[in-house]
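K.L.:
Below is one structure. I have some questions about it.
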Amino acid sequence: MSKSVARSRFRCRSAVLVGASAAVFAAGCAQPPPEPAAVGLAEQYFADNNAAARSGPAAQQEFFRRTQHPDFTDQTCDLGDTTVQLDPAMSTLRPDPGYAPDGLAPRGEIWVIGVEVTTRTAGTTTGHQIGSMHLVLLDGQLRAFAPCPSA
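Note that the sequence shown covers residues -26 to -1, 1 to 125 in mature numbering (1 follows the signal peptide of the UniProt record, and there is no 0).
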């Protein structure tokens, strides 16, 4: 095989590899898929919850009443002088369509997220734990399930 034929084949192979690499690179640089509506709503939910907690127990109780999932309005608790700060790990937010508290699946799009929970009574930290929390996107609003500490 002559040098010119070998160079020509090499150029063709190189062009194919460069073209394939460009296609892979372009695909890797494509815009990420849009975030689900639940992400922005979840960020707002936690910001609003923590603002209510900073405003005091009455403001937070009203926040929990207002955001309680409508299928579970009979399952709220009076937290007394306790406030609940929720710090989410947003990267853990994911769908959880199988969630059914007490065997009843809530209406809406169900999500679960890891949260760090800090409770305070009269400004003093009374509890701290990490767990999961469920949120539900229903009719364009994010709903949740008010905490009820066990006695």
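Heads up, the beta-carbon is just placed ideally off N, CA and C, and yes, glycines get one too.
Quick check: the Cα distance between Gly72 and Asp22, rounded to an integer number of angstroms?
P.N.:
Counting from 1 along the sequence shown, the entry for residue 72 is found at position 98. Counting from 1 along the sequence shown, the entry for residue 22 is found at position 48. The straight-line gap from Cα to Cα measures roughly 27 Å.
K.L.:
May I ask you to report which of helix, strand or coil DSSP gives Leu116?
P.N.:
Position 142 of the sequence shown holds residue 116. In the structure shown, Leu116 sits in a strand (DSSP, three-state: E or B).
K.L.:
By the DSSP assignment, the alpha helix (DSSP H) with Thr50 in it spans what residues?
P.N.:
Counted from its first residue, the sequence shown places residue 50 at position 76. First-last for Thr50: undefined, no H or E at that position.
K.L.:
Given Ala26, which residues of its chain have a CB within under 6 Å of its CB, disregarding the five upstream and five downstream residues?
P.N.:
The sequence position of residue 26 within the sequence shown is 52, counting from 1. Answer for Ala26: Ala33, Gln34 and Phe37, listed in chain order.
K.L.:
Would you mind stating whether Ala63 and Gly88 have Cβ atoms separated by less than 8 Å?
P.N.:
Locating residue 63 in the sequence shown gives position 89, counting from the first residue. Locating residue 88 in the sequence shown gives position 114, counting from the first residue. In this structure, Gly88 lies closer than 8 Å to Ala63 by Cβ.
K.L.:
Give me whichever residues DSSP pairs with Thr57 in a beta bridge.
P.N.:
As a working note, residue 57 is residue 83 in the sequence shown. Arg94.
K.L.:
Taking the CB atoms as reference points, tell me whether Leu78 and Tyr19 lie closer together than 8 Å.
P.N.:
In the sequence shown, the residue the question calls residue 78 occupies position 104. In the sequence shown, the residue the question calls residue 19 occupies position 45. Not closer than 8 Å, so no.
K.L.:
Cutting at 7 Å between CB atoms, please list the residues of its own chain near Arg39, excluding the five before and the five after it.
P.N.:
Indexing the sequence shown from 1 puts residue 39 at position 65. Closer than 7 Å at Cβ, skipping near neighbours: Thr50.
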